[in-house]
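Residue numbers are given in the numbering used here: position 139 of the sequence shown equals residue 181, and the series is strictly consecutive. Data block below; observations after.
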Amino acid sequence: PSPAVPAATVTSSGQATAGGLPAAKPASLSIPAIGVRADRIEDLGLTADGALEVPPDATTVGWFTGAPSPGETGPAVLAAHVDYKHVPGTFSRLKELRPGEQARVGRADGRIAVFTVYRVDRYAKAEFPTDRVYGDTPDPELRLITCGGAFDRASGNYLDNVVVYARLSAVEV
């Protein structure tokens with residue numbers, strides 16, 4: 043069972059507020075438990091065949107602009123490579139995250155949205171649960187996505203995706 047995470051957010055004044063934040067682009071990402079620190083986040087859209095674009099290199103974190111921004115109601119989606127051209131990627135240790143650990147997303151409005159992990163799953167790409175990952179949620183959530191599982195040399199791709207699910211647990215201003 044995953045730990046309960048409150049749906050309310052807490053500001054620096056200590057007052058709880060219900061619901062999500064207004065839209066603001068993500069500007070940075072920190073995941074202390076696995077040593078992630080990204081000081082910029084690039085926009086990602088969809089490819090011509092409807093798949094999520096991938097970041098251009100090993101160190102870039104991308105935000106899917108078709109989803110809410112981190113802290114808004116719904117699932118914000120950030121993606122990065124597990125590795126890229128034989129270089130470890132920003133999300134090389136993503137599968138090691140555990141429930142209760144945190145991801146901190148700096149936003150363009152100066153706030154930091156703090157998310158607490160409640161689930162980490164690995165899915166075969168052929169069976170990716172699009173609705174579960176991208177579908178509406180009643181509260182602000184975060185999805186962190188990378189590749190995982192076995193690497194298929196013939197196709198040049200990993201066979202699975204690792205998805206981390208997290209809920210907004212605090213807002214720092």
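Where a beta carbon is used, it is the ideal one built from N, C-alpha and C, also for glycine.
Secondary structure note for R149: its beta strand (DSSP E) is the uninterrupted segment Q144 to R149. Counting along the chain, the unbroken beta strand (DSSP E) around D163 starts and ends at I154 to A166.
Note that the C-beta distance between I83 and G104 is below 8 angstroms. A distance below 7 angstroms between beta-carbons, with the five flanking residues on each side excluded, links D99 to the following residues of its chain, in chain order: Y126.
At a cut-off of 3 residues, the continuous stretches assigned as beta strand (DSSP E) that sit fully inside the segment 52-100 are 68-73, 78-80 and 83-86. Selection L184, Y165 and R174 evaluated against L201 yields Y165 as nearest (Cα-Cα). Per DSSP, the unbroken alpha helix (DSSP H) holding V175 starts and ends at T172 to Y176.
Residue state for L139 is assigned as coil, using DSSP reduced to three classes. Within the same chain, A66, K67 and A69 come within 7 angstroms of A150 by CB-CB distance, once the 5 residues on both sides are set aside.
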